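Okay, so here's the structure we're looking at.
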Amino acid sequence: MQADTAPAHSATRLADYRPYPWKIEQVALTFRLAAKTTRVLSTIRFAPNPGVAAGDLVLDGERLGIVSLAIDGAALDPATIAVTPAGLTVPADRLPADGFVWQAEVEIDPAGNTALEGLYMSGGMFCTQCEAEGFRKITYYPDRPDVMAPFRVRIESDLPVLLSNGNPVAAGPGWAEWEDPWPKPAYLFALVAGDLKAHPGAFTTASGREVALNIWVRPADIDRCAWAMESLIRSMDWDERVYGREYDLDVFNIVAVDDFNMGAMENKGLNIFNSKWVLASPETATDMDFERIEGIIAHEYFHNWTGNRITCRDWFQLCLKEGLTVFRDQQFTADMRSAPVKRIDDVMTLRARQFREDMGPLAHPVRPDSYIEINNFYTATVYEKGAEVIGMLKRLVGDEGYRRALDLYFDRHDGDAATIEDWLAVFEEATGRDLAQFKRWYTDAGTPRLGVQEAYDAGTYTLTFTQNTKPTPGQDDKPPRVIPIALGLLNPNGDEVLPTRVLEMTEATQSFRFDGLAARPVPSILRGFSAPVVLDRAPPPGERAFLLAHDTDPFNRWEAGRALAREVLVTMIAEGAAPAPDLLAGLEAVATDATLDPAFRALCLRLPGEDDLAQALHDAGRTPDPDAIHAGRERLARALAERLSPRLGAMIADLAVGGDFRPDADQGGRRALRMALLALLSRIDGGAEAARIHAAAATMTESLGSLGCLLEAGRGAPELAAFHDRWAGNRQVIDKWFLIQPLQARPEAAVAVAERLARHADFDWKNPNRFRSLIGGLTGNHAGFHAADGAGYRFLADWLIRLDALNPQTAARMSTAFETWTRYDADRRGQAAEALARIAAAPGLSRDTAEMVGRIRAAGADPAGT
Ligand code: B3K
Ligand code: ZN
124 MQADTAPAHS ATRLADYRPY PWKIEQVALT FRLAAKTTRV LSTIRFAPNP
174 GVAAGDLVLD GERLGIVSLA IDGAALDPAT IAVTPAGLTV PADRLPADGF
224 VWQAEVEIDP AGNTALEGLY MSGGMFCTQC EAEGFRKITY YPDRPDVMAP
274 FRVRIESDLP VLLSNGNPVA AGPGWAEWED PWPKPAYLFA LVAGDLKAHP
324 GAFTTASGRE VALNIWVRPA DIDRCAWAME SLIRSMDWDE RVYGREYDLD
374 VFNIVAVDDF NMGAMENKGL NIFNSKWVLA SPETATDMDF ERIEGIIAHE
424 YFHNWTGNRI TCRDWFQLCL KEGLTVFRDQ QFTADMRSAP VKRIDDVMTL
474 RARQFREDMG PLAHPVRPDS YIEINNFYTA TVYEKGAEVI GMLKRLVGDE
524 GYRRALDLYF DRHDGDAATI EDWLAVFEEA TGRDLAQFKR WYTDAGTPRL
574 GVQEAYDAGT YTLTFTQNTK PTPGQDDKPP RVIPIALGLL NPNGDEVLPT
624 RVLEMTEATQ SFRFDGLAAR PVPSILRGFS APVVLDRAPP PGERAFLLAH
674 DTDPFNRWEA GRALAREVLV TMIAEGAAPA PDLLAGLEAV ATDATLDPAF
724 RALCLRLPGE DDLAQALHDA GRTPDPDAIH AGRERLARAL AERLSPRLGA
774 MIADLAVGGD FRPDADQGGR RALRMALLAL LSRIDGGAEA ARIHAAAATM
824 TESLGSLGCL LEAGRGAPEL AAFHDRWAGN RQVIDKWFLI QPLQARPEAA
874 VAVAERLARH ADFDWKNPNR FRSLIGGLTG NHAGFHAADG AGYRFLADWL
924 IRLDALNPQT AARMSTAFET WTRYDADRRG QAAEALARIA AAPGLSRDTA
974 EMVGRIRAAG ADPAGT
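Here it is as structure tokens:
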């Protein structure tokens, strides 16, 4: 349907993988840095790749000005070989069969690089981002992860700090040299040059290596690095203790940059971070920021083994490093903080992002088999579902089996560019398990739905499960998967009769029997969310409330409340029903139970989001009405607030945290519950208490939380202005200011708020963080973005078209706000279709955005289907 508008970009397919005919023994690079005219000199020693037939020398290269090329010292006239905008090819018959030295000098323009991929400039410093395919914008090279080589790098520049991968080996006035002994693919290359200051640290590894740690930032930010450094040290220690993995260089550098397309990047020995995920102080960062910084620092550090020492053979195997590293960072956070709270957080994210993706036009397998633009596949499915798949594996083989398999993986594949087949093979060998069926979790897209039937007769209880996965784009057939179902059984009095055990479902329909029971038990199914599936079950009345009160599994206890809230809200929205008393009573009991972790209580009070409810209504065969969803959710929040009102004031006062600030689970949990209760109170007192708390707030969590309450109450203008004045110049905090206004605006005002902010002098739209704050704030406001007149869709389309011309990667990523467009009524669908058609027709649209918009529009051919 979009063939007439979208330019034809060709797909890359897993089935077409061929090894590279050459291997690289050594790379030497010299950078003569200049903002508009940087020279890159490369000397690369190629040798035949054993076992692979000889072939042409195909080098990737984009936007490179060729100064000179040479093979074995003899100049090569570019006019005599094939040079295209994508690279060059030297035919095999012009190459010495036993190897040769390739040399090139090219000129690039870092200052003009607005896509922030390759070598670019951010706030006066030079920095790089090479994953996935940015190195080809630096010099000619086989820019594919299975070509690994040791690098030596010389940087020439007047800037005071010059960094690259590996260990520093020599330096003088205006130059520095670095050597990375560990062979790596080009996507892990990094270079930084700038006027930076270091927050130093040190770590001694288990085998006694002294590692110098540094976090490099602009001088003005130097007092906001301590938390990131502490997090790094904890990560290094944890990886030694839990996975037996030590660090392998003399230095580990982290650099914070303001202009960055994503969160951070694990370049060998030189991690580059979006400054948002490094800089923190109690006054400027929320508890959530502190937790995320700790988690992202850990994630990038853990990549040193899962990603760098063992990398991916090709980009189809991306989940090999990302799913595993997310799984590892989730384990780390669970160990540092509260495991149940972390699990609930992760499942909420999975459902909000990955389930949404898996049920719509962008659904793809954890290991995709084709892509047009690889940057579009750094998705929730590859990352978060990729981590869930590992969690299932671990559950199936047990903790010891998992450890044996991982030890074998590190042993066998260190230095390799590996595949999912390699990964599964180590589990099969270490545990003796056949994983052929399990592999479908990697190859098949879509979220299975699990139906349950129960029967009880004379002491025997039988559970019969059925699994079913709807077709996804390009995959109609969905054979059954292995689903680990963690189950516990409770007695009607609340005692546990069957502690958690894992049922292994492998068939489309399968029954499990439990004998010798004195009474019909209450099942607690999918404890800890043991598989990323949707549980389709209408339990008997009262059962969810019972589990909310009694389940011994904290995840399922939360889940029972969540499912009940979702059900109640769906009937409130669809049928105008009143808030159900058993839900209100259950939430009240949890909220006021001082024996429970405040963070857990805060999570229980968080009602399902509006997007989640839209999906639930859609699943129930109804057309979601965003305004009715918003109003229904508000009615429930208000009813809960009224129910709790006699105690709200006192609870909020009691939860105030005194003494020194600590960004730990304990203090963070108290502040989270306090802010959740404040949001309820604001529905009754119109924000009076929120205004008082805001005026006195000493932490960003409370300052921002109370400001959000004021906005939701339709007030807060003076506080917003004062907040802006106080934090003018602090990018991270001003980003928050841009985010919360459209996000927490009343829906009818949201688009106007976003339009007004887009004209604000501080709206530096070329900066990805600022763009994501404002535009993402609006798209996160469900009823505001889906305004009936289509103004939200038009606003997003205008900005995506504008950004795409400069920064395709971030524009394409933000187009996912449209991925659910076919859920809504005909008017909204029409408005969204028009906005999408306008993007698709934009002159010069990037391959990134063209692919995304093409896939999203394709859902329109089958509006009911997704
Ligand atoms: N590996 C990088 C992501 C690169 C994204 C390229 N579009 C960060 C991470 O996952 O750790
Ligand atoms: Zn990662």
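With the working numbering, the residue at position 626 of the sequence shown is 749, and numbering never jumps. Using N, Cα and C, we set each Cβ at its ideal position, and we do this for glycine too. Since we're looking at a predicted model, the values are computed, not measured.
According to DSSP, Phe249 shares a beta bridge with Met244 and Ala316. Looking at the backbone, the Cα of Asp783 and that of Phe258 are separated by about 46 angstroms.
Counting only runs that start and end inside the region 262-317, there is no alpha helix (DSSP H) element of at least 4 residues.
Judged by DSSP in its simplified three-state form, Cys348 adopts coil rather than helix or strand. In this structure, the C-beta of Thr448 approaches the ligand ZN to less than 7 angstroms from one of its heavy atoms. In the DSSP assignment, Met411 falls within the unbroken alpha helix (DSSP H) covering Asp410 to Phe425. Glu353 and Asp344 have their C-alpha atoms spaced approximately 16 angstroms apart. In this structure, His426 has its CB closer than 7 angstroms to one or more heavy atoms of the ligand ZN. According to DSSP, residue pairing for Val657 in a beta bridge involves Arg572. The beta carbon of Leu314 sits closer than 6 angstroms to those of Thr251 and Ser287, all from its chain and outside the five residues before and after it, given in chain order. Exclusion of His487 from the 7 angstroms shell around the ligand ZN follows from its C-beta lying no nearer than that to any non-hydrogen atom of the ligand.
The beta carbons of Thr585 and Ser634 sit about 6 angstroms from each other, so the pair counts as a contact at 8 angstroms. Membership of Ser165 in the beta strand (DSSP E) is indicated by the continuous run Thr161 to Pro171. One alpha carbon belongs to Val605, the other to Ser653, and they sit about 12 angstroms apart.
For Trp301 against Asn290, the beta-carbon gap comes to about 7 angstroms, under 8 angstroms, which counts as contact. Taken from the Cβ of Glu389, at least one heavy atom of the ligand ZN lies inside 7 angstroms. Exclusion of Glu511 from the 7 angstroms shell around the ligand ZN follows from its C-beta lying no nearer than that to any non-hydrogen atom of the ligand. The residue from Phe533, Ala973 and Val691 with its alpha-carbon nearest to that of Gly699 is Val691. Here DSSP, grouped into helix, strand and coil, assigns Lys889 to coil. Here Ser330 is exposed. Its C-beta has fewer than 16 other C-beta atoms within 10 Å.
Three or more Cβ pairs closer than 8 angstroms define a contact, and the region 857-874 meets that threshold against the region 906-920. Rounded to whole angstroms, Ala294 and Gly235 show a C-alpha spacing of 28 angstroms. About 10 angstroms separates the Cβ atoms of Glu552 and Leu558, ruling out a contact at the 8 angstroms cut-off. C-alpha of Asp618 to C-alpha of Ala672: approximately 12 angstroms in a straight line. Distance check between Ile495 and each of Thr135, Ala963 and Arg895 places Thr135 closest, using alpha-carbon atoms only. Note on geometry: alpha-carbon atoms of Pro463 and Gln454 lie some 11 angstroms from one another.
For Leu152, the enclosing beta strand (DSSP E) begins and ends at Trp145 to Arg155. At the C-beta level, Asp927 and Ala877 stay beyond 8 angstroms of one another. For Pro622, the enclosing beta strand (DSSP E) covers residues Glu619 to Met628. Residues of the same chain with a CB within less than 6 angstroms of the CB of Thr675, apart from the 5 flanking positions on each side, are Glu619 in chain order. In terms of side-chain proximity, the C-beta atom of Glu507 is found no nearer than 7 angstroms to any non-hydrogen atom of the ligand ZN. Distances from the CB of Tyr501 to the heavy atoms of the ligand B3K include at least one below 7 angstroms. A distance below 8 angstroms separates the beta carbons of Val645 and Leu670.
DSSP places Phe258 outside any beta strand (DSSP E), giving it a letter other than H or E. Trp339 has its alpha-carbon roughly 18 angstroms from the corresponding atom of Phe413. Annotation for Glu842: the continuous alpha helix (DSSP H) segment containing it runs Ala840 to Trp850.
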